[in-house]
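Following my numbering, the residues of the sequence shown are numbered contiguously, the last one being 319. Ideal placement from N, C-alpha and C gives every residue a C-beta, glycine not left out. From a predicted model like this one, the values you see are computed outputs, not experimental measurements.
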Amino acid sequence: MSMEAKRRIGIVGFGHVGHYLAQKILEEGDKAGLELAFVWNRTMKKMDGVIDPRLQLHRLSEFQTRQADLIVEVAHPDITRDYGERFVTAANFMIGSPTVLSDPNIEHRLRETATTSGHTLYVPSGALWGGEDIQRMADRGTLKGLRITMTKHPDSFQLKGELAEKNRVVDGRTILYEGPVRGLCPVAPNNVNTMAAACMAAHTLGFDHVIGVLVADPSIPDWHLVDIEVTGARNKETGQVFSVTTKRCNPAEVGHVTGSATFLSFWSSLLGCTGHGGRVYLC
Ligand SMILES: NC(=O)c1ccc[n+]([C@@H]2O[C@H](COP(=O)([O-])OP(=O)(O)OC[C@H]3O[C@@H](n4cnc5c(N)ncnc54)[C@H](O)[C@@H]3O)[C@@H](O)[C@H]2O)c1
């Protein structure tokens, strides 16, 4: 075992993802140079028999007493709305529910706080394939368009308002939404984190210009599909346009919001959150 200090991880939210990450740190933390600083959940009972009571945090407002190096939110977008700035002020912060960033004030405040505190706001790439390439194109000013289509069985969606109504009566492949991701995040906060991550990577387009398409398809009960279409610059002489398309087919348990490969993707993201200075960083 290395004698170097371990990175202390605070987990906020003990649902499917939080449980998985906490368990991974308990089992593989020594090897990965990580230890649990705390685990918080709205209902403490859920942690009984799994998390050592000394690692359970009773009041989230007291998170600073545990001196985490990295705080990971895997509870609900509201947690980042209410605590995000405090988290980034005190530590590096991985935002598991990035759909909350579709609120321009929250995005602005968190970007600012990252810059002033010197801590990194990490956005996990989730089911986004090629996110770093998209980020690089945005950095170089060559990204011209981005369209993301997510297709799942209707039971795998947790939707609000009109979209929920539309989803209830689906009897064949149906487009539930097609338009800027900004309008989709508030009505599908748990389903389009991948699109939100894409908007952060494609920062020159952002939530108003990245196009999201949500499709319900009863014929695929155990798959989550993500199609990504990237458009780059046009060659002035030949008129040719750079483009990349990818299709991610993720096996998923029937009715589950999170595909199984996404848990591992989250773990890989967490391992990469080693501190990248006061900025937003796709991990
Ligand atoms: N970035 C990604 O690719 C990605 C992938 C999977 C999940 N997620 C997000 O991560 C979060 C957790 O996912 P999960 O599958 O573990 O969900 P889950 O429903 O299994 O667990 C959520 C946990 O947070 C708690 N919680 C729910 N609402 C809350 C609120 N308003 N305030 C405080 N606590 C609350 C619940 O008690 C539960 O313990 C969700 O927001 C989900 O959208 C993101």
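At 3 residues or longer, what runs of the beta strand (DSSP E) sit wholly inside the stretch 240-299?
Complete beta strand (DSSP E) runs here, min 3: 247-252, 259-270, 277-287.
Which runs of the beta strand (DSSP E) at least 3 residues long sit entirely within the stretch 135-204? Give them in chain order.
Counting only runs of 3 or more residues that sit fully inside the stretch 135-204, the beta strand (DSSP E) segments are 157-159, 181-188, in chain order.
In its own chain, which residues sit with a C-beta less than 7 Å from the C-beta of Val136, not counting the 5 before and 5 after it?
Result list for Val136: Pro113, Thr116, Arg117, Ile142, in chain order.
Given a cut-off of 7 Å, decide if Val75 and Phe50 are closer than it, judged by their beta-carbon atoms.
Yes.
With the cut-off set at 7 Å, would you say Ala237 and Pro190 are in Cβ contact?
The answer is no: Cβ separation not under 7 Å.
Is it a yes or a no for the stretch 40-57 touching the stretch 102-112, going by three-plus beta-carbon pairs under 8 Å?
Contact between the stretch 40-57 and the stretch 102-112 is present, with at least three C-beta pairs closer than 8 Å.
Can you name, in chain order, every residue of its own chain whose Cβ lies under 8 Å from the Cβ of Ser301, other than the five neighbours on each side?
Residues of the same chain with a CB within less than 8 Å of the CB of Ser301, apart from the 5 flanking positions on each side, are Pro160, Ser161, Gly162, Ala163 in chain order.
Could you name the residues of the same chain whose beta carbon sits closer than 6 Å to that of Glu214, not counting the 5 residues immediately before and after it, in chain order?
Excluding sequence neighbours, Glu214 sits near Val249.
For Gly120, which of helix, strand or coil comes out of DSSP?
DSSP places Gly120 in helix when its eight states are reduced to three.
Quick check on Gln171: buried or exposed, where buried means 16 or more other Cβ atoms within 10 Å of its Cβ?
So Gln171 ends up on the buried side.
May I ask whether a heavy atom of ligand 1 can be found less than 6 Å away from the beta carbon of Pro89?
Result no, Cβ not under 6 Å from ligand 1.
On the three-state DSSP scale, how would you describe Gly49?
Three-state result, Gly49: coil.
Cβ atoms of Ser296 and Cys319: under 7 Å apart, would you say?
Annotated as distal: Cys319 and Ser296, with beta-carbon spacing of 7 Å or more.
Asp66 versus Ala58: straight-line alpha-carbon distance, rounded:
When the Cα atoms are used, Asp66 and Ala58 turn out to be separated by approximately 13 Å.
Does the stretch 173-181 come close enough to the stretch 257-271 that 3 or more CB-CB pairs lie under 8 Å?
Contact between the stretch 257-271 and the stretch 173-181 is present, because at least three Cβ pairs lie under 8 Å.
Exposed or buried, what is Ala224 when buried is set at 16 or more other beta-carbons lying within 10 Å of its beta-carbon?
With a threshold of 16 other beta carbon atoms within 10 Å, Ala224 meets it and is buried.
Residue closest to Lys283, alpha-carbon to alpha-carbon, out of Thr185, His52, Met83, Thr156:
Closest in alpha carbon position to Lys283, among Thr185, His52, Met83, Thr156, is Thr185.
Should Asp139 be counted as a contact of ligand 1 given a C-beta to heavy atom distance under 6 Å?
Checking every heavy atom of ligand 1 against the Cβ of Asp139, none is found closer than 6 Å.
One question on the structure: do Val228 and Leu182 come within less than 7 Å of each other, judged by their Cβ atoms?
No, Cβ-Cβ distance for Val228 and Leu182 is not below 7 Å.
Rounded to whole angstroms, what's the CA-CA distance from Ser153 to Gly314? Just pull it up for me.
Distance between the alpha carbons of Ser153 and Gly314 is about 6 Å.
Beta carbon of His292: closer than 6 Å to some heavy atom of ligand 1?
Incorrect: His292 has no Cβ contact closer than 6 Å to ligand 1.
Please report how far the alpha carbon of Lys60 lies from the alpha carbon of Pro287, in whole angstroms.
Taking the straight line from one Cα to the other gives about 21 Å.
For Gly120 versus Leu146, is the C-beta spacing smaller than 7 Å?
In this structure, Leu146 lies closer than 7 Å to Gly120 by Cβ.
Can you name, in chain order, every residue of its own chain whose Cβ lies under 7 Å from the Cβ of Pro134, other than the five neighbours on each side?
If we look at Pro134 and ignore the five residues flanking it on each side, its Cβ neighbours are Val159, Asn229, Ala232, Ala233, Met236.
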